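Reading the sequence shown from the start, the letters are residues 188 to 519 in this note's numbering.
The C-beta atom is built at its ideal place from N, Cα and C for all residues, glycine as well.
Note that the structure is a prediction, hence the values are computed from the model and not measured.
A short worksheet on the structure shown next.
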Amino acid sequence: MKSAKSTQPAKTTKSSTPAKTAKAPAPAKRATPAKATGTAAPTKSAKRTTPAKATKAATPAKAAATPAKATTPGKPESRTALVRRARRMNRELAEIYPYAHPELDFENPFQLVVATVLSAQTTDLRVNQTTPALFAKYPTPEDLAVADPEDVEEILRPTGFFRAKTKSVIGLSKALVEQFDGEVPGRLEDLVKLPGVGRKTAFVVLGNAFGRPGITVDTHFQRLVRRWKWTEATEPDKIEAAVGALFPKSDWTMLSHHVIFHGRRICHARKPACGACPVAPLCPAFGVGETDPEKARKLLKYEKGGFPGQRLNPPQAYLDAGGRPAPPLGTV
């Protein structure tokens with residue numbers, strides 16, 4: 188019996204002590220939701236602050252979106268991105284100038300090669316106003332080859348550097364007669380052998396008289412492709428190679444016309460009309476010129492500004508687009 192009684196406290200101990208122990212987790216369970224609730228409250232607060240931070244972060248991002256174009260040149264542009272941007276710019280320019288053409292008046296390869304030589308250090312307009320008298324008196328290489336230099340100098344005086352240009356056009360005419368039977372050759376290696384004819388002139392002739400692709404790296408072309416970050420090269424032959432690598436060869440001739448047209452009409456050397464430029468979104472140099480649209484429109488030249496072009500006899504497509512022929516020499 189004593190032994191039985193001694194076991195009863197054990198039962199009591201089991202029933203009381205474990206009971207308290209069993210109940211002990213209960214507060215823990217209650218505390219857990221409390222902790223969860225306490226954790227949830229900051230979470231909601233964090234959720235409320237997160238959008239606020241995102242909003243603050245988004246605002247500067249949007250503000251920086253516009254000048255990002257200006258800062259792009261400082262960032263490396265991949266080769267693929269450069270090719271895509273350059274080709275897209277050319278497509279845009281093709282839509283802006285569907286009538287792009289060589290702005291020298293000519294009727295045959297001989298007239299074109301002479302006019303291109305004369306265009307050095309002067310405008311195409313002045314050349315176009317001068318060549319009618321020259322070709323009227325000396326219509327063929329044979330005629331110009333035996334011309335009196337003083338007579339030719341007098342005709343070419345308005346183009347500037349007329350003595351050097353007289354020597355060149357008479358010299359190239361003699362070379363055509365003596366080496367090519369009076370015909371302008373259709374190969375680059377032959378053209379560059381003619382007096383006064385370099386690669387630029389040769390590509391003008393090949394592309395526009397013979398339909399053979401070539402890039403004309405004149406002052407406008409050099410200026411724009413560097414401004415657009417198509418190349419950092421400064422030498423014409425290196426510019427030609429760098430830009431040519433960005434485009435299919437079949438695009439080269441019209442690409443030259445598009446870029447030169449744009450340089451003469453909108454993207455001027457000293458004060459580009461940035462605010463009126465259709466390719467501004469693709470231009471890393473946007474902002475170097477006038478950005479106000481109204482002021483920029485006043486800077487447009489030739490048909491874009493409602494003024495005469497450079498050719499006395501421009502293509503019909505140019506006239507259809509609103510272009511006006513240039514006036515003959517001495518009429519303005």
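Exposure label - residue i; buried when at least 16 CB within 10 Å
| i | result |
| --- | --- |
| THR224 | Because the pLDDT at THR224 is just 40, under 50, the model does not fix this residue reliably, and the point stays unresolved. |
| ALA504 | exposed |
| THR297 | Note on identity: in this sequence residue 297 is Phe, with Thr being the wrong assignment. That one is buried. |
| ARG350 | exposed |
| VAL333 | exposed |
| THR440 | buried |
| PRO515 | exposed |
| THR318 | buried |
| TYR325 | buried |
| PRO435 | exposed |
| ASP405 | buried |
| ASP507 | exposed |
| PRO501 | buried |
| ALA513 | buried |
| ASN395 | buried |
| LYS491 | buried |
Where the alpha helix (DSSP H) through residue i begins and ends
| i | result |
| --- | --- |
| ARG374 | Neither: ARG374 is in no alpha helix (DSSP H) and is coded neither H nor E. |
| PHE297 | 296 to 305 |
| PRO319 | 311 to 324 |
| ILE402 | Element bounds for ILE402: n/a, residue is neither H nor E. |
| ASN277 | 266 to 283 |
| PRO495 | Here PRO495 belongs to no alpha helix (DSSP H), and DSSP marks it neither H nor E. |
| TYR505 | 503 to 507 |
| ARG452 | 439 to 452 |
| ARG344 | Careful: ARG344 lies outside any alpha helix (DSSP H) and carries neither H nor E. |
| VAL430 | 423 to 431 |
| ARG484 | 480 to 484 |
| GLN366 | 349 to 367 |
Test item: CB-CB of residue i and residue j under 9 Å
| i | j | result |
| --- | --- | --- |
| GLY496 | GLY517 | no |
| GLY401 | PHE390 | yes |
| THR421 | ARG413 | yes |
| LEU487 | ARG452 | yes |
| LEU343 | LEU359 | no |
| LEU291 | THR303 | yes |
| CYS470 | TRP415 | yes |
| VAL300 | VAL364 | no |
| PRO345 | GLN316 | yes |
| TYR323 | PHE448 | It should be noted that the sequence gives Ala, not Tyr, for residue 323. No. |
| PRO336 | LYS361 | no |
| VAL356 | LEU331 | yes |
| GLY429 | TRP417 | For the record, residue 429 in the displayed sequence is Ala; it is not Gly. In this structure, TRP417 lies closer than 9 Å to ALA429 by Cβ. |
| ALA432 | GLY462 | no |
| PHE397 | GLY369 | no |
| LYS352 | LEU393 | no |
| PRO423 | LYS387 | yes |
Any non-hydrogen atom of the ligand NAP closer than 8 Å to residue i Cβ
| i | result |
| --- | --- |
| PRO319 | No copy of the ligand NAP occurs in the structure displayed, which carries no ligand at all. |
Given residue i as reference, the closest of the options once Cα atoms are compared
| i | options | result |
| --- | --- | --- |
| VAL183 | GLU264, TYR284, LYS262 | This structure cannot settle anything about residue 183, because the visible part of the chain is limited to 188 through 519. |
| VAL384 | ARG399, LYS354, ASP368, LYS482 | LYS354 |
| GLU294 | LEU499, ALA428, LEU506, ASP438 | LEU499 |
| LEU280 | SER443, ALA483, ALA429 | SER443 |
| SER437 | GLU340, ASP311, ARG399 | ARG399 |
| ARG275 | LYS491, VAL392, GLU376, VAL446 | VAL446 |
| ASP311 | GLY347, ARG278, VAL339 | GLY347 |
| GLU481 | PHE494, ALA460, PRO468 | ALA460 |
Short CB-CB distance (under 9 Å) between residue i and chain B
| i | result |
| --- | --- |
| LEU516 | Considering every chain present, this structure includes no chain B. It has just one protein chain. |
Requested in this report: Give a yes or no on contact between the stretch 472 to 480 and the stretch 261 to 278, applying the rule of three or more CB pairs nearer than 8 Å.
Outcome: no
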